[in-house]
Structure formats: C-alpha cells, structure tokens
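Enquirer: Heads up: the sequence lines are chains A and B, in that order. Counting from 4, one number per residue, gives the positions in the first sequence under the working numbering. Counting from 3, one number per residue, gives the positions in the second sequence under the working numbering. Ideal placement from N, C-alpha and C gives every residue a C-beta, glycine not left out.
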Amino acid sequence: MALDKPYKDIPGTIIFDAEQSRKGYWLNQFCMSLMQAANRERFKADERAYLDEWPLSEEQKQAVIARDLNWCMRTGGNIYFLAKIGATDGASFQQMAGSMTGMSEEEYRDMMLRGGRSPEGNRYLGEDGDAQPERQPQGRAGKGAK
Amino acid sequence: MARITASVYTSHVPAIGAALDQGKADEPYWQNVFAGYDYSKQWMEENTPDVIFLVYNDHATAFSLDLIPTFAIGTGVHYPVADEGWGPRPVPDVEGHPELAAHIAQSVIQDDFDLTIVNKLVVDHGLTVPLSLMFGQPGQWPCKVIPFAVNVVQYPVPSGRRCFELGKAIRKAVERFDEDLKVQIWGTGGMSHQLQGARAGLINREWDNDFLDRLIADPAALSAMPHIDYVREAGSEGIELVMWLIARGAMADVAGGPAPTVKHRFYHVPASNTAVGHLILENN
Numbered sequence: 004m005a006l007d008k009p010y011k012d013i014p015g016t017i018i019f020d021a022e023q024s025r026k027g028y029w030l031n032q033f034c035m036s037l038m039q040a041a042n043r044e045r046f047k048a049d050e051r052a053y054l055d056e057w058p059l060s061e062e063q064k065q066a067v068i069a070r071d072l073n074w075c076m077r078t079g080g081n082i083y084f085l086a087k088i089g090a091t092d093g094a095s096f097q098q099m100a101g102s103m104t105g106m107s108e109e110e111y112r113d114m115m116l117r118g119g120r121s122p123e124g125n126r127y128l129g130e131d132g133d134a135q136p137e138r139q140p141q142g143r144a145g146k147g148a149k
Numbered sequence: 003m004a005r006i007t008a009s010v011y012t013s014h015v016p017a018i019g020a021a022l023d024q025g026k027a028d029e030p031y032w033q034n035v036f037a038g039y040d041y042s043k044q045w046m047e048e049n050t051p052d053v054i055f056l057v058y059n060d061h062a063t064a065f066s067l068d069l070i071p072t073f074a075i076g077t078g079v080h081y082p083v084a085d086e087g088w089g090p091r092p093v094p095d096v097e098g099h100p101e102l103a104a105h106i107a108q109s110v111i112q113d114d115f116d117l118t119i120v121n122k123l124v125v126d127h128g129l130t131v132p133l134s135l136m137f138g139q140p141g142q143w144p145c146k147v148i149p150f151a152v153n154v155v156q157y158p159v160p161s162g163r164r165c166f167e168l169g170k171a172i173r174k175a176v177e178r179f180d181e182d183l184k185v186q187i188w189g190t191g192g193m194s195h196q197l198q199g200a201r202a203g204l205i206n207r208e209w210d211n212d213f214l215d216r217l218i219a220d221p222a223a224l225s226a227m228p229h230i231d232y233v234r235e236a237g238s239e240g241i242e243l244v245m246w247l248i249a250r251g252a253m254a255d256v257a258g259g260p261a262p263t264v265k266h267r268f269y270h271v272p273a274s275n276t277a278v279g280h281l282i283l284e285n286n
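(1) What separation, rounded to the nearest whole angstrom, lies between the Cα atoms of A:TYR127 and B:ALA4?
(2) When you measure from the CB of B:ALA64 to every non-hydrogen atom of the ligand COA, does any distance come out below 8 angstroms?
(3) State the start and end residues of the unbroken beta strand (DSSP E) segment that holds B:GLN186.
(4) From B:ALA200 to A:LEU37, what does the alpha carbon distance come to, in whole angstroms?
(5) How would you call B:HIS14, buried or exposed, if buried means at least 16 neighbouring beta carbons within 10 angstroms?
(6) What residue range is occupied by the uninterrupted alpha helix (DSSP H) comprising B:VAL35?
(7) For A:PHE19, go through chain B and note every residue whose CB falls closer than 8 angstroms to its CB, in chain order.
(8) Please classify B:THR50: does DSSP put it in a helix, a strand, or coil?
(9) Tell me, please, which residues DSSP counts as bridged to B:GLY76.
(10) Taking B:ALA27 as part of the alpha helix (DSSP H), name the residues at either end of that continuous run.
(11) Tell me where the alpha helix (DSSP H) around A:PHE28 begins and ends.
(12) Just curious, the alpha helix (DSSP H) that B:THR130 is in, first and last residue?
(13) So who's on the other strand from B:GLU284, going by DSSP bridges?
(14) At 4 residues or longer, and completely inside the segment 229 to 261 of chain B: list those alpha helix (DSSP H) runs for me, N to C.
(15) Which residues share a DSSP beta bridge with B:GLU97?
(16) Quick one, are the C-beta atoms of B:SER161 and B:PRO221 less than 9 angstroms apart?
(17) Report yes or no: is there a C-beta of chain A within less than 9 angstroms of the C-beta of B:PRO357?
(18) Flag this pair as touching only if the segment 29 to 46 of chain B and the segment 58 to 69 of chain A have three or more C-beta atom pairs under 8 angstroms; answer yes or no.
(19) Taking the alpha-carbon of B:PRO132 as reference, which of B:VAL96, B:PRO158 and B:ALA74 has the nearest alpha-carbon?
(20) Is the beta carbon of A:MET103 less than 9 angstroms from the beta carbon of B:VAL271?
(21) At 7 angstroms on the CB atoms, spell out the chain A contacts of B:GLY128, in chain order.
(22) Quick one: is A:ALA48 near chain E, going by C-beta distance under 9 angstroms?
(23) Please determine, among B:PHE137, B:ASP68 and B:LYS26, the residue with the shortest C-alpha to C-alpha distance to B:GLU48.
(24) In or out: A:ALA148 buried (at least 16 other Cβ within 10 Å) or exposed?
(25) Spatial neighbours of A:MET35 within its chain, please: C-beta separation below 7 angstroms, excluding the five flanking residues on both sides.
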C-alpha cells in the first residue's frame, strides 16, 4: 500500500522527503562541500571542473551552473543545502528564496515588507493564489521574461 | 536538584545573525526586529541560568545526508561555531554541560525516546542566533549550553505529539539530576516561512498568533496538530515550530503544576523571509 504523502497538493512546494533525498544525495553532498573555504575557491575558479568531480547527473550540473534553484530542487536539491551555493556567491537567503518566485529582488523584498505572501488561494493546487503553477513566473520581472 | 526555571521560544533567522555581525542592528529594518528582544536581554541578565537546553535544528551543517538523526543530544564539552558557507559567525564557541547532558540522554532513552548521542558537533545559526538575540554580543556566553538538534529538514520529521512527550521526559530527567542547577529550555526556529519555490515568502500572521495563543494556553491540544497543517498554513519551513513543543512539554504545568507566567510576547514580520515569534514563559 502506498505511503500517505498529503503534501503533494500544495502549490509551489517540493517537500524534501526520503524519495527526494535519494534523488538529490550527491547534489546536496556537493553543496555541503562548499562549507570549506578551499572548496569554495576551487568551485569559483572553475565551476564545471569542480562539479565534474561529483557523480551528479548532467541535468543537476546544468541546474547548478544556471543557479536555477527551482530546477535544482526538482532534481532533488534541498534549500538548506542549496543555500551553500548562494553563500558561496555572496547572496542572502532572501535573494535565494526570492529568485525562486520569478520576481525581481526588489519586488520580492517589497512583498515581504508588505507582510509576505498571503496563504489565501495558496493552500491547495487548483485554487487561485499567486503561487499556483499557471501564475508563474510572478511579478513584473517575470512577466517581462515571458 | 536541578530544575527548569523557564522556557524561551524564538525564531532563529540567519539574517539576524548577519545583521548583528555586520553592524546593521541600528538600521530601521532590523531595529524593528531587535526591539522585540530589548526586554528579553534585560530579563536574561536577571535570570541567567546555569545551563540552557537549546532545542534547534541543524541546517545541513553538522549533519549532511550521510547521517540524519531525528533527535541528537550534544554530550560534548565544547562546540565550535560552524562555517556555513560565508565563514563562521564571529561569536564565542559554545561550552557544553557533559554531565547533565549524559544524565538526560540516559533518562530520556530509558523513557523510549531514541536520541543520537553526539560528542563532536559544530553549531550553526540555528543555535547561535538565539543566543545572540538573548545575550547580545558578549566575549563569552554566560552559561553552558546543551545543544539538542531535531531533524526538520528531511521528511518525515517528528510529530508535534512526540515532541511534546519528549519535553515531558526531559523535564523529568532534569529534576532527577542531583546538582542544584537552574536550567532553561529553549525552543527555537519557526513561525511562518517558506524558503522555496513559487510559494516562497508565505506568511500567515493569523495562524502564527493563534499558535502562540494555543502554545501558552493549551499545548496538549496544539501538539495533536498534524504536520500537513504546519506546511499548508505556515509554509514548508514553518514545520520548525514543532520544536517549540519540546520546550513547552518540559514546563511544570504540563505535569500538573501551576500555569507559567507569560513574561514576554513578541511577533514581527518580516525578518528576511520569515515571521519572527518570541515568547518567555516562567515556571511558578
């Protein structure tokens, strides 16, 4: 009998469960390696060469090089691990989280200053909130990119 | 006999640590956050315990995917501050209380909670930011700390009910320690936030404040809330709030004693991506 995973119907959310963890094992372990200053330097000097030392899938490497955290997460990355890439780049946690919404840094920061994203319409897939898949990417920055 | 004198609850946002370390605490954005801790610092000075039992989560720092303990108790003497990717925070290392920690481990494991015993541990912002919020920036922390790390990163994470029950077992263990020690138990992390995906930035002010009300008045009922409610209502990282139930379960009223006194309550949005919640409860 299948295990109960009630979190699959939340929009814009990938829960890091054992299945995701297995998929992302090496991607996340690569991220952990960036906690050492020497590794950060080697990664910054030649990202591709450093990534090639790890048994990541080609897609995972592309997702890291693109700094596309949504893509990284779809391939098994977890935000606490992926944060090490942002730290290496000198990005704040807010910049990292904001980068996953399609909004510009300013738009995301302003949303947070207005009290954050409303849960209304964002609890279940199929509602009409701004985190629903059909509303992506968000913000003026996102609309410009379409 | 050792006793739990108070419990402290606070978010542990990494940007708070960065703001302090980079001298940004006086900027209006951060002033609004730190103002909520002015009373707390004064209270801490007057109520410095001998030991803090500090419940937090490791953020892929000491524990990688190689090892994912659900509950890990630090029984070491000394805990260095971790380099989380931007160099270690310039704050003092943390001194442990190995005797009390080992005693709690022995008691709590015999009460059927499977703790992982950790003697070598680096501590991340989850542990150091609460210390900074409550003590400011001293040259050394004024008391000993027992780190207690809870897995809230990889699902499944422990239920609220289990955390609440664990708190009860911790209180029992502390009270069986022969030395006369004042112990505080801190539950850290949480209030609504989501750090990932198209739903990043979710904040549910109403839900957070209801959580604080229920944590104070009826924690047993609150502990029955399923994980999915935390995630749906307070964001994927809002699940960190289950850790507050460990601290709450260790308070005297849960074991039939008098209700605690609410010494301080604070709520603010935003700090970086999250809502900040903070509570001080004193045992009577």
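Expert: So, from the data block:
(1) Inter-residue distance for A:TYR127 and B:ALA4 is about 47 angstroms (C-alpha atoms, whole angstroms).
(2) Summarising the ligand content, the structure contains no ligands, and the ligand COA is consequently not present.
(3) Element bounds for B:GLN186: 184 to 190.
(4) Rounded to whole angstroms, B:ALA200 to A:LEU37 spans 26 angstroms at the Cα level.
(5) Around the beta carbon of B:HIS14, 16 or more other beta carbons lie within 10 angstroms, which makes this residue buried.
(6) 30 to 36 is the extent of the alpha helix (DSSP H) around B:VAL35.
(7) Those are VAL155, GLN156 and TYR157, listed as they occur along chain B.
(8) Three-state DSSP puts B:THR50 in coil, outside helix and strand.
(9) Partner(s): B:VAL120.
(10) B:ALA27 -> no alpha helix (DSSP H), and no H or E assigned at all.
(11) Note on residue identity: the sequence assigns Tyr, not Phe, to residue 28 of chain A. Taken as a continuous stretch (DSSP letters only), the alpha helix (DSSP H) holding A:TYR28 covers 28 to 36.
(12) 127 to 137 is the span of the alpha helix (DSSP H), which, as asked, contains B:THR130.
(13) Assignment of beta-bridge partners to B:GLU284 by DSSP yields B:ALA8 and B:THR263.
(14) 229 to 236 and 246 to 251, all fully within the segment 229 to 261 of chain B.
(15) Beta bridge pairing from DSSP links B:GLU97 with B:HIS80.
(16) Their beta carbons are not under 9 angstroms apart, which means B:SER161 does not touch B:PRO221 by this criterion.
(17) With chain B covering only 3 through 286, there is no way to say anything about residue 357 of chain B.
(18) Touching, no, given that fewer than three Cβ pairs across the two stretches are closer than 8 angstroms.
(19) Closest option to B:PRO132, Cα to Cα, is B:VAL96.
(20) No; because the gap between Cβ atoms is not below 9 angstroms, this pair is not in contact.
(21) Around B:GLY128, no beta-carbon contact reaches into chain A at under 7 angstroms, the shortest distance being about 10 angstroms.
(22) The structure shown contains no chain E; its protein chains are A and B.
(23) When each option's Cα is compared against that of B:GLU48, the closest is B:PHE137.
(24) No answer about A:ALA148 holds up, because its pLDDT of 49 lies below 50 and its placement is not dependable.
(25) For A:MET35, same chain residues with a beta-carbon under 7 angstroms away, outside a window of 5 residues either side, are PHE84 and LYS87 in chain order.
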